[in-house]
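Numbering (numbering that gives the first Met the number 0), first residue to last: 0 to 947. Where a beta carbon is used, it is the ideal one built from N, C-alpha and C, also for glycine. Please read these numbers as outputs of a predicted model, since none were measured by experiment. Notes to accompany the following structure.
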Amino acid sequence: MRLTKTRFVTVCQQALIVGTAFAVLGPAADVISLDVVTQPDASAQHDAGVPVRGGKPAPTARVETAPVEAKVTAVPVDEKAAAPAHTDVPRGGEVVQTAPHAVDGFGTVGVTWKPGTQIDEKDITVQARTSKDGTWSGWTTVHYDEGEGPDPGSPDALHARPGTDPLIVGDVDQVQTRVVTAPGVTAPDLEMAVVAPGASSGTEVEKPAITAAGGEALSTSHGDISLQADTITPAAGTTTVPRPTIYSRAQWGADESWRKAAPLYGNIAAGFIHHTVNANDYTADQVPGIIRSIYAYHTKTKGWNDIGYNFLIDRFGRIWEGRYGGVDKDVVPAATQGYNSYSFAASAIGNYEEAQPSSATLDAYARLYAWKLALKGIAADDTSQYVGSRYFQAINGHRDAGQTACPGKYLYAQIPGIRTAARKYQLAGASATPTTSPSPTTTATPTPTPVTGTPRVPNLAGASYPDLAARRASDGEGVVLPTGGLLSFSSPVAKGTGWSRYDVKVLSPDLTGDGRADMLVRIASTGTAGVRPGAGDGTFGRAVAPVKTFVGYDRITAAGRFNGDGFGDLVGRSVATGNLVLFKGDGAGHFTKTAIASGFGDVTRLVVPGDITGDGHPDVLARTTSGRLYRYDGDGHGAVGPGTRIGGTWDYPVLAAAGDLTGDGLNDLLVRTGAGTVAAAPGTGAGGFGPLVPMGGSLGGLSGVGAAQVVGTAAPDAIGFDGDSLVLVPNSGRTNVGRPIDAGVTFRNANQVLNVGDWDGDGKGDVITRYAANGYLVLYRGLGNGKLAPGATIDKRNFNSVTMLTAAGDVTGDGKPDLIANKDGQLVAFAGNGGTAALSVAKVLNSTISGSALLDLGRWDSGGTLDTGVLSSTALGWLPSNTGTPRKLAADLSGLTGVIGAGDLTGDGRRDLVGRSGSRLWLLPGVAGGFGTRRYLGAGYAGYDLLG
């Protein structure tokens, strides 16, 4: 039998026959009646559909030529009803239902309830049934997942109604829903939404609008921002991965007026796979209407700003643009609650709890995730990406982030194969073609190619830059310290004139409810103030809501969501009274002022850096005429406590709130010193700030500098003014040393930790320690995510008998990393074997050697073999190709301990050194003839007693 359009009904937990291997589950009376079909593979020809050949979708589809208006009708769910006979619904609670309601067109329904009402999934069951030609189906459960949707407190969540997923009921006459709650559980303001996706004004057969070569990046026919995704250059260290072709929002008929706000941008660290839980036998021509129905339900009923998913993938292998904002951008979805700001989401159109995904769908996932992750320099098979608050793999199912069945057991089982295929696409680059279709049993083990003189690449956490291995002194646990290319701003860019007429110019996080940073301005001649909404590219539109509210106030600064109502606020000082005043925003550019503290008459600068004490409430900083800085702790409701002085002198020309500049998850300050140095004052999380950390780039000549997420990345950008011109200084997105990763092993019994690079040839960095008691060598295989496998003893000789032991890459020319050491005054190589066997017999590289340490310098002279540095207490020598007499290299080593060859931390192709003084880490960047001026990386490292 074939499922026709007149019988197309989407149901959660509806069992379909897949081939001949599965039977319909549950009694017929308990499910909506469906004609049951064999699930075809998408490589077959479908009615009115898209031929799919060789696992790739055909290059055209029937799409919309203009926006299509949907109609959403809200129906109360308030009629008392008898308890259902099901055993899988709450017992003894309230049962309410709707009256039968007519369905117009190819319908969709869902049920929502009062905003702010939290109901556990086990305490509520929503069911639906449909009528066609006078015959009612049975009742079936409609999917409700409390973990799917926007993050609490996000712009999407401000007006959100909790409720079920959309249920596509198709071409039926009537629909009815009922809700069953557990005893004592109330779901107030229950409503059933009935969505008619609208009738097309015209369709055409077209190619995907967003092509691999560039093409349309955004559906901009109704657009309010101008972003373009042409040829994509992935992050450093990755291959070029072609973008898959993607059908645009315009091609599924998106009416852009439904969107409630501009896109919000985060910082992608991983991708999540979802499914839409609708029947799997839809035709290709029905896909635009299905997506449009989901869009209407998410925006018009659930109150989200846009459709929840970044992408949707149909069973024919076609990829569709979901959430607005640019397919190549880090657009924050409303899909995986708690992790949206750090991930992207693609949802497969279908119910994969009951059916197998087609090979075309799996291939589309692999291509999409290979490309999207490569933009961030992330390997598709990475097993440990830090996503907001915990570690995930680079590609995950929604169920990996919460208690949900999404994306269905059959699609979830295929995720390992998707990872493997996606990684093959990444490695193959532009000519990528996986040798097999994605399969959960497919594995790939890279085969290393020996290269004479291969440098040691000390990468443990899977990113583009080297990492440090360390031991935590307090408990002996192994730790990985990832590096990120050094904090810096990019070159300044002028973004327009006409700004000198304002005497107040305050860059602020979102004040207008569109998710973008905005600018409060006040005209000097009239005192009229207003908010100029940000365009997301460093420019700002015409002022909205002009008011005189800010007359008589100075030291005005952005305050974020200071009073906890979800809207952006400002803080200032009354010139007449010296009182601290809160300007409470309403999300539309209007403000209500209230005095919240007195005694601010001698304040020269106010800054609200967010929460710096760790209590979850934004705090206020006030700098006095003496240059002292005081902290006033916020209570989360618009009030502050008494002042507490923060040590030091803070009379900097630039002192601005900046969010998390250093990448450690804590709020920092942006500073420009009197000498012109740009720096971050890193927050400690305990109400204070650490020593200034220099940042690359310049803010020279700029006044009124502020910082916020301006151009669509998670890293804060700077805005300043040069006379009449506004200047954007974009953040490069780089960091110094990221938050420590617990490696999952102990180094308690070691007296040395060596980051040896890829010792075993599996493409992932490894660590070797020397056992303190007997000098044995222990190998900890890296898992590519900052984690290490349990240690295995690889050599039982007493390596305590040698000094200056260090990792040095391949010095023997066999393509495998080696160790070097000072043995009885000779420079000796211990040849690695690429596995867990003992190292080969020592090879003498130099007959006379002295000093305190050996350093891996890579190919310092650009020759074909590796070079070694010899460190004494006052100088650094160089052994060219590990032979001859050491020559001196320029390097300021004064006061540094534990200096190591750390690899290329700066990304300039030269090897760098890292040293420590007390709790601080310092970089000595490689330059011609030696190492340049040391650069401070950060503090807080006194707790690590071994570093390698």
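| Check | Outcome |
| --- | --- |
| Own chain, CB closer than 6 angstroms to aspartate 172, minus 5 neighbours either side, in chain order | Ser130 and Lys131 |
| 3 or more residues per run - each beta strand (DSSP E) lying fully within the stretch 710–762 | 716–721, 724–728, 734–736, 740–745 and 749–756 |
| Segment contact, 8 angstroms Cβ cut-off, at least three pairs: the stretch 377–387 with the stretch 338–350 | yes |
| Assumed close pair threonine 949, arginine 909 - CB separation to whole angstroms, cut-off 8 angstroms | No answer is possible for residue 949: it lies beyond the span of the chain, which begins at 0 and ends at 947. |
| For serine 342, the three-state DSSP class (helix, strand or coil) | strand |
| Test item: CB-CB of alanine 159 and lysine 301 under 7 angstroms | yes |
| Nonlocal neighbours in the same chain, by C-beta distance under 7 angstroms from threonine 446, ignoring five residues either side | With a pLDDT of 28 at threonine 446, under the threshold of 50, the predicted position of this residue should be treated as unreliable, and no value is reported. |
| Delimiting residues of the alpha helix (DSSP H) encompassing tryptophan 370 | 358–373 |
| Given phenylalanine 271 as reference, the closest of Ala344, Gly104 and Gly497 once Cα atoms are compared | Ala344 |
| Strand pairing of threonine 116, partner residues [DSSP] | According to DSSP, threonine 116 bridges with nothing at all. |
| DSSP beta-bridge partners of glutamate 190 | Pro75 and Thr111 |
| Distance between glycine 197 and valine 67 (C-alpha atoms, nearest Å) | 6 angstroms |
| Between the CA atoms of proline 89 and tyrosine 143 - distance to the nearest angstrom | 14 angstroms |
| For alanine 558, the first and last residue of its enclosing alpha helix (DSSP H) | Careful: alanine 558 lies outside any alpha helix (DSSP H), inside the beta strand (DSSP E) at 552–559. |
| Beta-bridge pairing of phenylalanine 271 - partner residues as DSSP gives them | Ala344 and Asn395 |
| For leucine 459, three-class secondary structure by DSSP | coil |
| Extent of the continuous alpha helix (DSSP H) to which serine 292 belongs | 286–295 |
| Residues of its chain near aspartate 513, where Cβ-Cβ distance is below 7 angstroms and the 5 sequence neighbours each way are ignored | Ala260, Ala261 and Pro532 |
| Residues near asparagine 309 by beta carbon distance below 7 angstroms, same chain, minus five either side | Gly321, Arg322, Val330, Pro332, Phe343, Ala344 and Ala345 |
| Nearest-angstrom beta carbon gap, lysine 822 and alanine 841 [assumed within contact, 8 angstroms] | 7 angstroms |
| Unbroken alpha helix (DSSP H) run spanning threonine 964, endpoints | Lying before the first or after the last residue shown, residue 964 is absent from the chain, which here runs from 0 to 947. |
| The beta strand (DSSP E) enclosing tyrosine 935, as first and last residue numbers | 934–937 |
| Beta bridge counterpart(s) of alanine 678 as assigned by DSSP | Val670 and Pro693 |
| Inter-stretch contact at 8 angstroms, needing at least 3 Cβ pairs: the stretch 493–507 / the stretch 733–743 | no |
| For glutamine 96, the three-state DSSP class (helix, strand or coil) | strand |
| Residue nearest to valine 777 in terms of C-alpha spacing, selected from Thr745, Gly785, Val801 and Lys786 | Thr745 |
| Contained alpha helix (DSSP H) runs [length at least 4] in the stretch 597–676, N- to C-terminal order | none |
| Whole-Å CB distance - glycine 477 paired with tyrosine 464, under 8 angstroms assumed | The pair is not a contact, with the Cβ atoms about 19 angstroms apart (cut-off 8 angstroms). |
| Residue range of the unbroken beta strand (DSSP E) whose run includes arginine 979 | The structure shown does not extend to residue 979, since the chain is modelled only from 0 through 947, so no value can be given for it. |
| The stretch 641–648 / the stretch 600–609 touching (three or more Cβ pairs under 8 angstroms) | no |
| Three-state secondary structure (DSSP) of leucine 945 | strand |
| Beta-carbon proximity check, threonine 805 vs isoleucine 793, cutoff 7 angstroms | no |
| Cβ neighbours of alanine 941 in the same chain (closer than 7 angstroms, five flanking residues each side left out) | Gly917 and Ser918 |
| Contact between the stretch 761–773 and the stretch 490–498 (3+ Cβ pairs under 8 angstroms) | no |
| Sequence-distant residues of the same chain with beta carbon closer than 8 angstroms to threonine 403, five excluded per side | Asp144, Gly146, Glu147 and His397 |
| Proximity winner among Val479, Leu361 and His273, relative to glycine 401 (alpha-carbon distances) | His273 |
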